[in-house]
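Undergrad:
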Amino acid sequence: MIGIPPTNVIVRDVRIFTPARDVGWLPRPTLGLGVVPEGESENDPEAGYLIYVDGGEPISVIRS
1275 MIGIPPTNVI VRDVRIFTPA RDVGWLPRPT LGLGVVPEGE SENDPEAGYL
1325 IYVDGGEPIS VIRS
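Heads up, the sequence shown is in the numbering used here, so the first residue is 1275 and it goes up one at a time.
(1) Should Tyr1326 go down as buried or exposed, given a rule of 16 or more other Cβ atoms within 10 Å for buried?
(2) How close, in whole Å, do the beta carbons of Ala1321 and Val1310 come, if the pair is a contact with beta carbons under 8 Å?
(3) Return yes when the Cβ of Val1285 is within less than 7 Å of the Cβ of Gly1305, no when it is not.
(4) Pull the bridge partners of Asp1287 from the DSSP assignment, please.
(5) So what does Ile1325 bridge to, in DSSP terms?
Right, here's the structure in full:
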């Protein structure tokens, strides 16, 4: 399996792209979540990654 294993994360940023962001693939994303794994460099502003919520990859989000 390739992808992000189930991970608890802290959402740092919500990005809305209007118009949809041209990243070189379809569908073009309109929503991104800036996240950092819980307990890892939570205070480092450069840590973490961006997840395109409406991209082609299947993801599931459970709010806790």
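Cβ coordinates follow ideal geometry from the N, Cα and C atoms, glycine included.
TA: Walking through what the data contain:
(1) Numbered from its first residue, the sequence shown carries residue 1326 at position 52. Buried is the call here.
(2) As a first step, residue 1321 must be located in the sequence shown, where it is residue number 47. As a first step, residue 1310 must be located in the sequence shown, where it is residue number 36. Indeed they touch by this definition, with Cβ atoms about 5 Å apart.
(3) If you number the sequence shown from 1, residue 1305 lands on position 31. If you number the sequence shown from 1, residue 1285 lands on position 11. Residue 1305 is actually Leu in this sequence, not Gly. No; because the gap between Cβ atoms is not below 7 Å, this pair is not in contact.
(4) As a first step, residue 1287 must be located in the sequence shown, where it is residue number 13. Paired residue(s): Gly1308.
(5) For this step, residue 1325 is matched to residue 51 along the sequence shown. DSSP output for Ile1325 lists Leu1307 as bridge partner(s).
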